[in-house]
Amino acid sequence: MRYLVFGDVHGNAPALSAVVADARRRGYDAAVFLGDLVGYYPYPCEALDLVRSLEPVVALRGNHDALLLSLANGGDADAA
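In this text, residue positions in the sequence shown follow our numbering: the first is 15, and each later residue adds one.
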């Protein structure tokens, strides 16, 4: 079984698209996402859509993802 293992996307959908295109060319059986979908780059929604379309068998929450969720729920950035 061949896995596409990736993480630290940080909202960089163009780079993720390039990685996925190359992975599709090489072939893989399942995707594993190691977290940090958001942060730094301006395309978090597009990155999220692309990750969802891959239907990863594992999807972890990275520290940037946890911080964003904490802030969205009224949390404090220093406490996350």
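Think of the CB as a built atom: it goes at the ideal place given N, C-alpha and C, for glycine as much as any other residue.
Backbone CA spacing between residue i and residue j [nearest angstrom]
i: Gly76; j: Tyr54; result: 14 Å
i: Phe47; j: Val65; result: 8 Å
i: Asp43; j: Arg16; result: 5 Å
i: Leu85; j: Asp92; result: 10 Å
Extent of the continuous beta strand (DSSP E) to which residue i belongs
i: Ala44; result: Ala44 to Phe47
i: Leu74; result: Leu74 -> no beta strand (DSSP E), and no H or E assigned at all.
i: Leu18; result: Tyr17 to Phe20
Residue i, buried or exposed, once every other Cβ within 10 Å from all chains shown has been counted against 16
i: Ala27; result: buried
i: Gly25; result: buried
i: Leu68; result: buried
i: Ala45; result: buried
i: Leu82; result: buried
i: Pro58; result: buried
Chain-order list of residues whose beta-carbon lies under 7 Å from that of residue i (same chain, five-residue window excluded)
i: Asp79; result: Gly49, Asp50, Leu51 and Val52
i: Leu62; result: Leu51
Residues near residue i by beta carbon distance below 6 Å, same chain, minus five either side
i: Gly88; result: none
i: Val23; result: Leu30, Leu51 and Ala61
i: Ala37; result: Leu18
8 Å CB neighbourhood of residue i in its chain, flanking five on each side removed
i: Gly21; result: Phe47, Leu48, Gly49, Asp50, Leu74 and Gly76
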